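A short write-up of the structure that comes next.
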Amino acid sequence: GNSVTQMEGPVTLSEEAFLTINCTYTATGYPSLFWYVQYPGEGLQLLLKATKADDKGSNKGFEATYRKETTSFHLEKGSVQVSDSAVYFCALSDKSGGYNKLIFGAGTRLAVHP
Amino acid sequence: NAGVTQTPKFQVLKTGQSMTLQCAQDMNHNSMYWYRQDPGMGLRLIYYSASEGTTDKGEVPNGYNVSRLNKREFSLRLESAAPSQTSVYFCASSKATGGQGNEKLFFGSGTQLSVL
């Protein structure tokens with residue numbers, strides 16, 4: 091079945107460092123891909139999305155490119171801030187089973203230190 | 053701007069006890085969802101309601117029941133809690149009527165449930 095695999099965390103970085111969080115997926119067809127972020131004590135919120143191959147989603151300095159050839163959707167940011175500390179979830183849309191649903195990865199915790 | 057409100061935030065139950073998790077959204081969304089979040093497993097869909105008056109099973113429905121009371125409210129009931137149901141539960145909503153797909157989900161802040 092469809093699935094999402096994320097790099098294990100935690101990822102610990104100093105402020106202004108470059109961030110990459112890897113995400114690969116297994117899916118039939120052409121799912122849409124998403125990154126959600128969960129700040130401490132809060133629910134998840136959509137960070138960015140891409141709906142077809144080679145699309146780049148971007149928001150708040152974060153970017154991710156839908157790579158069909160490598161089935162990847164890696165999250166990147168050029169210069170992280172302490173306020174970026176959160177758990178990041180990669181997800182894909184799954185249209186099997188007669189309804190659309192989101193399949194989430196296990197999440198990657200990011201800790202950014204001053 | 054409340055968004056999605058869940059109650060309670062924390063709950064401790066003994067095995068066999070029952071409880072209902074409440075969820076309400078004020079965004080006039082059609083679809084509502086219940087997820088559980090477990091370490092190393094991400095979020096898994098328990099039940100969803102694509103529109104008022106309908107509910108359907110997700111990936112892990114066993115041991116749970118739901119009620120879409122009206123367009124705003126979607127409750128999750130544990131009839132006889134088990135330790136395997138210890139988890140963080142999230143309610144979410146989206147504007148879509150036919151499922152999630154490309155729609156943006158709005159999440160509540162979660163309920164941390166421990167079953168002893």
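Which chain is which? The protein sequence lines are A and B, in order. In this text, residue positions in the first sequence follow the working numbering: the first is 91, and each later residue adds one. In this text, residue positions in the second sequence follow the working numbering: the first is 53, and each later residue adds one. The beta carbon of each residue, even a glycine, is placed where N, CA and C say it ideally should be. Computed from a prediction, not measured in an experiment: that's the story for all the values here.
How far does the beta strand (DSSP E) with residue i in it reach, from first residue to last?
i: Asn149(A); result: 146–149
i: His203(A); result: 198–203
i: Tyr99(B); result: 94–101
i: Thr116(A); result: 113–116
i: Ala76(B); result: 71–77
i: Val118(B); result: 116–120
i: Leu165(B); result: 163–167
i: Arg88(B); result: 83–90
i: Thr155(A); result: 152–155
i: Phe108(A); result: Premise fails: Phe108(A) is in no beta strand (DSSP E) and is neither H nor E.
i: Ser93(A); result: 93–96
i: Thr67(B); result: Thr67(B) -> no beta strand (DSSP E), and no H or E assigned at all.
Determine the DSSP secondary structure at residue i, reduced to helix, strand or coil.
i: Val172(A); result: helix
i: Ser139(B); result: strand
i: Lys156(B); result: coil
i: Ala133(B); result: coil
i: Glu104(B); result: coil
i: Ala148(B); result: coil
i: Tyr178(A); result: strand
i: Glu159(A); result: coil
i: Lys139(A); result: strand
i: Ser122(A); result: coil
i: Glu132(A); result: coil
i: Lys185(A); result: coil
i: Glu111(B); result: coil
i: Asn190(A); result: strand
i: Lys167(A); result: strand
Please list, in chain order, the chain A residues whose beta carbon lies closer than 8 Å to that of residue i.
i: Ser145(B); result: Ordered by position in chain A, no residue passes the 8 Å Cβ test against Ser145(B), which lies about 11 Å from the chain.
i: Asp56(B); result: Strictly speaking, residue 56(B) in this sequence is Val, with Asp absent from that position. Result: Gly133.
Taking 7 Å as the cut-off, is the CB of residue i close to at least one heavy atom of the ligand MG?
i: Trp125(A); result: Of ligands this structure carries none, so the ligand MG is not represented either.
In chain B, which residues lie less than 8 Å from residue i when you measure between Cβ atoms?
i: Gly195(A); result: Gly94
i: Lys167(A); result: Per Cβ cutoff of 8 Å: no residues; Lys167(A) is ~21 Å from chain B at best.
Against residue i, what residues of chain A qualify as contacts under a CB-to-CB distance less than 7 Å, listed in chain order?
i: Phe62(B); result: Ordered by position in chain A, no residue passes the 7 Å Cβ test against Phe62(B), which lies about 12 Å from the chain.
Would you grab the beta carbon distance between residue i and residue j for me? Rounded to a whole angstrom, and I think it's under 8 Å.
i: Arg88(B); j: Tyr141(B); result: 5 Å
i: Gly162(B); j: Cys75(B); result: The Cβ separation is near 11 Å, so there is no contact.
i: Val94(A); j: Phe194(A); result: 7 Å
i: Val56(B); j: Ala148(B); result: The Cβ separation is near 15 Å, so there is no contact.
Closer than 9 Å by beta-carbon distance: list the chain A residues that pair up with residue i, in chain order.
i: Leu128(B); result: Neighbours of Leu128(B) on chain A: none; closest Cβ ~15 Å, over 9 Å.
Mind listing which residues of the region 65–96 of chain B have their C-beta closer than 7 Å to chain A's C-betas, in chain order? For the region 65–96 of chain B, which is checked against every Cβ of chain A, the residues closer than 7 Å are Gly92, Met93, Gly94, Leu95.
Within 9 Å of chain A by C-beta, residues of the region 101–116 of chain B in sequence order: Under the 9 Å Cβ criterion, the region 101–116 of chain B contributes Ala102, Asp108, Gly110, Glu111.
Using a Cβ cut-off of 9 Å, which residues of the region 126–157 of chain A contact any Cβ in chain B, in chain order? The residues in question are Tyr126, Gln128, Gly131, Glu132, Gly133, Leu134, Gln135, Leu136, Lys139, Thr141.
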